[in-house]
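Here the structure is laid out as structure tokens; the discussion comes afterwards.
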Amino acid sequence: MENMLQNIELIHRYLSISITHQFYSTVDLEGEYTFTQNIVSKKTTIASTFTNKILLYPKLKLFLTALITEINNGNCTVDFIREKIKHFEEIRYLPVKRII
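Per the working numbering, numbering through the sequence shown is continuous, rising by one, with the last residue being 100.
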């Protein structure tokens, strides 16, 4: 993702809202990841620093690791992340249909 350090709040919101959407739960991500810079390439990446809050839930750890990997690999643009956040916020208020 271009300008990762300029979009820290956007990335944090994306990770948080994605977890809420996937697991129907909120997780405080403070201290669960940090931004680092590769010494050689100077590329900024997200490094997981997971605590037991994440490590005790393997599915959550796997999900969050996958999201971070997608961002680090450059597969998530700022526009993509904004669209996903917008989508998750829109569907949050839709009524749930029962299919039975």
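Quick reminder that beta carbons are idealized off the backbone N, C-alpha and C, glycines included.
Beta-carbon contacts of T20 that lie in its chain and below 6 Å, excluding the five residues immediately before and after: If you number the sequence shown from 1, residue 20 lands on position 20. Cβ neighbours of T20 beyond the five flanking positions: T26.
Alpha-carbon to alpha-carbon, S41 and R92: Along the sequence shown, one-based indexing puts residue 92 at 92. Along the sequence shown, one-based indexing puts residue 41 at 41. Computed Cα separation, rounded: 39 Å.
For S48, the three-state DSSP class (helix, strand or coil): In the sequence shown, residue 48 corresponds to position 48, counting from 1. The answer is strand: DSSP assigns S48 an E or B state.
Terminal residues of the beta strand (DSSP E) in which Y33 lies: To locate residue 33, count along the sequence shown from 1; it is residue 33. Per DSSP, Y33 belongs to the beta strand (DSSP E) from 33-37.
Other residues of its chain near L29: CB distance less than 7 Å, five sequence neighbours each side excluded: Here the question's residue 29 lines up with position 29 in the sequence shown. Only H12, L15, S16 meet the Cβ criterion.
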